[in-house]
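Number of protein chains: 2
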Amino acid sequence: MSARKSRSGSPRTEPIEFADYILSQTEAVNRALDGFLPPARTKPATVHSAMRYSLFAGGKRLRPVLCLAAAEACGGRLKAAIPLACAVECIHTYSLIHDDLPAMDNDDFRRGKPTNHKVFGEGIAILAGDALLTQAFEIAAQCRGWPRYSHQKIFLELSRAAGSLQLIAGQVADLEGEGKSVSAAQLQFIHERKTSALLACSVRLGGMSSNCAPGDLRALTVFGRNVGLAFQVIDDILDVTQTTQQLGKTAGKDTAANKATYPAIVGLDKSRQIARRLTQKAYAALDRFGPKGGNLRALAEYLLDRKH
Amino acid sequence: MSARKSRSGSPRTEPIEFADYILSQTEAVNRALDGFLPPARTKPATVHSAMRYSLFAGGKRLRPVLCLAAAEACGGRLKAAIPLACAVECIHTYSLIHDDLPAMDNDDFRRGKPTNHKVFGEGIAILAGDALLTQAFEIAAQCRGWPRYSHQKIFLELSRAAGSLQLIAGQVADLEGEGKSVSAAQLQFIHERKTSALLACSVRLGGMSSNCAPGDLRALTVFGRNVGLAFQVIDDILDVTQTTQQLGKTAGKDTAANKATYPAIVGLDKSRQIARRLTQKAYAALDRFGPKGGNLRALAEYLLDRKH
């Protein structure tokens, strides 16, 4: 986590506190995930070990931390948001396990470690992904509901973001776009679904867990969508500019697979401009939260500055 | 659907009406599933076509029909139970798509048709399975809740039955048992999870949708578990005794894969005895429902008599 002046020019007023904040939120998420998941030795141990292998492989916990920061921006409590933060992380991890499979992106490394199917075999990797997706809904069901944001609404929110019109649509379009000429519009379709939908869902769920006002939820939606798109554009940029060691996953994979990326379509400089513009839109959406939205803003700045 | 005297000796009082009943319930489920799922042409069309290909491949709709019959036994209405009946069928279909994959059972035919990955490729088959699992929760969220059976309770019920301690546990144990010597106790562990858990969940959800009394829910649980086990024992028997044409899927696969089955461990005659004993236990659990439980009982009889 960088504590220096951000690229956007606005100095972080409390850099050390922000690093501490991220650390404490990440640890809270990790503790909660550990409590929600069956122990690794629970029969059948293979699948529970495989679920934990990928879930605790050093992920940045970006989505759950955003969820918690959104709850905070709306005056909510960590305890109310944490099941939803953990549910979203389980969905994110399942999607990574399945994306890495030979029939999909066929990747051998993820976060500097062998991918799930390289360690446990394809059959168990498929089942561990299935299990994490299912577990996400079991964990989400343990959240607190409100009259305005009932369990029913929360389940619809989560299942739609992860479903065939959003997260899975993005993965399908990505898979089918490989080796083909893809337009900037098609690339945006992919990114909006593959990354932005679940990210926006994370911050919306944070707001819902805090029983936020409808206007707050709309603002969080704009924030989440723009941060999500910016995040994916930066992922594309890093794939081109960073080494495998810096990334902790195979660098240049997108180029090697002839995958559609922002740098490939609009060039590196334009891609960086797009990422910055998206982040500015995200900042603007946070105005209504005042100082309570400070950590959400700092997270967006961190995303623009990240190197891996 | 057989309309003759059942093997258990009790004459069906209204055989034609029962066949009509099954047909009308199956059609209600099919219509509802068609309405819940995105049209096949919805972008990305591949995954929506693949989801519908397996969901409308001629499945028996056993789980949803049991769910609706359980609702009926508790005095509930079809309309309240149908989202849950459809959710369970989506989960069942996803599990078949993933089970058939080369990394799992590697089966080329299912219900007389090429399996999902043979038609759409492995990548899309994995994603279609993921999408059906996710869709199941979106559909379930559209059910009606009650003070006693809230959306939260219903979600926990469904996610646990489909999760790593039940449905997925059975599939993992099944996968890991291939080619190994498996005891009758281990086989029961597999069958209880791989088949019985989701079947019991189906009838329990039917009861819950009807706001049933706690005693009714306990009786449905006993019924569902025993019918589920009987169903799997009969599946094992049919794999040995029927042809590929009769089954609509590759016969003798279990034997060829050296899979643990009841006939392989305890012999054919003993397997048939076990199936009958389990069904008797299921019948006994239905006593408290009186005539309203007639269709549930008839369904259990049908399961014992089926030939494919």
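Chains as they are written, first to last, in this note's numbering: chain A, 2 to 309; chain B, 2 to 309. Think of the CB as a built atom: it goes at the ideal place given N, C-alpha and C, for glycine as much as any other residue.
Going by the DSSP bridge assignment, what does residue i pair with across the sheet?
i, result
"Phe224(A)", "Beta-bridge pairing links Phe224(A) to no other residue."
"Arg64(A)", "Answer is none; Arg64(A) lacks a bridge partner."
"Lys114(A)", "Arg111(A)"
Would you kindly work out how many angstroms separate the C-alpha atoms of residue i and residue j, rounded to a whole number?
i, j, result
"Leu176(A)", "Met105(A)", "7 Å"
"Pro12(B)", "Arg298(B)", "Low confidence applies here, because Pro12(B) scores a pLDDT of 42, under 50, leaving its location unreliable; read the following figure in that light. Going from the Cα of Pro12(B) to the Cα of Arg298(B) covers about 12 Å."
"Tyr95(B)", "Gly130(B)", "4 Å"
"Leu304(B)", "Gln143(B)", "30 Å"
"Tyr150(B)", "Leu300(B)", "25 Å"
"Val267(B)", "Ala285(B)", "25 Å"
"Ala265(A)", "Cys68(B)", "52 Å"
"Lys119(A)", "Leu102(A)", "9 Å"
"Ala162(B)", "Ala81(A)", "25 Å"
"Asp288(A)", "Glu90(B)", "46 Å"
"Arg315(A)", "Val204(B)", "Limits of chain A in this structure are 2 at one end and 309 at the other, which puts residue 315(A) out of reach."
"Thr262(B)", "Ile98(B)", "21 Å"
"Trp349(A)", "Ser211(A)", "This structure does not reach residue 349(A), given that chain A is present from 2 up to 309, and the question cannot be answered."
"Val234(B)", "Arg226(B)", "12 Å"
"Leu128(B)", "Arg145(A)", "30 Å"
"Leu188(A)", "Arg219(A)", "25 Å"
"Leu200(B)", "Leu79(A)", "37 Å"
"Glu28(A)", "Phe156(B)", "27 Å"
"Ala186(B)", "His192(B)", "10 Å"
"Gly164(A)", "Ala170(A)", "7 Å"
"Thr280(B)", "Phe224(B)", "8 Å"
Answer with yes or no whether the minimum CB distance from residue i to chain B is below 8 Å.
i, result
"Gln187(A)", "no"
"Gly36(A)", "no"
"Gly146(A)", "yes"
"Met2(A)", "Any reading at Met2(A) must be qualified, since the residue scores a pLDDT of 38, below 50, and its modelled position is unreliable; no value is offered."
"Glu139(A)", "yes"
"Gly164(A)", "yes"
"Ala301(A)", "no"
"Ala142(A)", "yes"
"Ala104(A)", "yes"
"Gln153(A)", "yes"
Does any CB atom of chain A fall closer than 8 Å to the CB of residue i?
i, result
"Thr315(B)", "It is not possible to answer for residue 315(B), since the shown part of chain B is limited to 2 through 309."
"Pro84(B)", "no"
"Ser160(B)", "yes"
"Pro39(B)", "yes"
"Met209(B)", "no"
"Ala253(B)", "A small correction: the amino acid at residue 253(B) is Gly; Ala does not occupy that position in the sequence shown. It does not; no Cβ of chain A falls within 8 Å."
"His99(B)", "yes"
"His93(B)", "no"
"His311(B)", "Any property of residue 311(B) remains undetermined from this structure, which presents chain B solely from 2 to 309."
"Leu218(B)", "no"
"Phe224(B)", "no"
"Phe19(B)", "no"
"Leu206(B)", "no"
"Ser203(B)", "no"
"Ile169(B)", "yes"
"Phe156(B)", "yes"
Among the options, whose alpha-carbon lies nearest the alpha-carbon of residue i?
i, options, result
"Arg277(B)", "Asp306(B), Lys80(B), Ala265(B) and Lys293(B)", "Asp306(B)"
"Thr47(A)", "Ala81(A), Ile125(A) and Gly60(A)", "Ile125(A)"
"Ala231(B)", "Asp217(B), Gln274(B) and Arg205(B)", "Gln274(B)"
"Gln136(B)", "Val204(B), Val223(B) and Pro84(B)", "Pro84(B)"
"Ile92(B)", "Ala88(A), Gly113(A) and Ala132(A)", "Ala132(A)"
"Ile140(A)", "Gly59(A), Lys114(A), Pro215(A) and Pro39(A)", "Pro39(A)"
"Val236(B)", "Cys213(B), Thr196(B) and Cys202(B)", "Looking at the sequence itself, residue 236(B) is Asp, so the reference to Val does not match. The residue with the shortest Cα to Cα distance from Asp236(B) is Thr196(B)."
"Gln26(B)", "Arg64(B), Gln167(B), Ala51(B) and Met52(B)", "Arg64(B)"
"Asp108(A)", "Gly253(A), Lys271(A) and Thr242(A)", "Gly253(A)"
"Gln243(B)", "Leu269(B), Tyr54(B) and Ala88(B)", "Leu269(B)"
"Gly77(B)", "Leu239(B), Cys87(B), Met209(B) and Pro45(B)", "Met209(B)"
"Ala214(B)", "Leu56(B), Ala201(B), Cys75(B) and Gln167(B)", "Cys75(B)"
"Val241(B)", "Ala88(B), Ser184(B), Lys260(B) and Glu73(B)", "Lys260(B)"
"Ala174(B)", "Gly294(A), Glu123(A), Ala29(A) and Lys44(A)", "Lys44(A)"
"Ser160(B)", "Asn117(A), Ala88(A), Leu56(A) and Ser272(A)", "Ala88(A)"
"Met52(A)", "Glu18(A), Ile238(A) and Asp35(A)", "Asp35(A)"
"Tyr22(A)", "Val66(A), Ala71(A) and Arg42(A)", "Val66(A)"
"Ala71(B)", "Arg112(B), Ile238(B) and Leu221(B)", "Leu221(B)"
How about residue i: is its Cβ closer than 7 Å to a heavy atom in the ligand FAD?
i, result
"Gly216(A)", "In the structure on display, the ligand FAD does not appear, and there are no ligands present to speak of."
Between residue i and chain E, is any beta-carbon pair separated by less than 8 Å?
i, result
"Leu199(A)", "The chain labelled as chain E is not found among the protein chains of the depicted structure, namely A and B."
Interface positions of the region 44-75 of chain B facing chain A (Cβ-Cβ less than 8 Å), listed along the chain = Listed by position along the chain: Lys44, Pro45, Thr47, Val48, His49 and Met52.
What are the residues in the region 171-185 of chain A lying within 7 Å of chain B by C-beta distance?
So the list reads Gln172, Val173, Ala174, Leu176 and Glu177, given in the order they occur along the chain.
Check your understanding: Just by C-beta distance, which residues in the region 112-134 of chain A are closer than 9 Å to chain B?
Key -> Within the region 112-134 of chain A, the residues whose Cβ lies closer than 9 Å to some Cβ of chain B are His118, Gly122, Glu123, Gly124, Ile125, Ala126, Ile127, Leu128, Ala129, Gly130, Asp131, Ala132, Leu133 and Leu134, listed in chain order.
Against chain B: residues of the region 286-298 of chain A by CB proximity under 9 Å
Listed by position along the chain: nothing, the set is empty.
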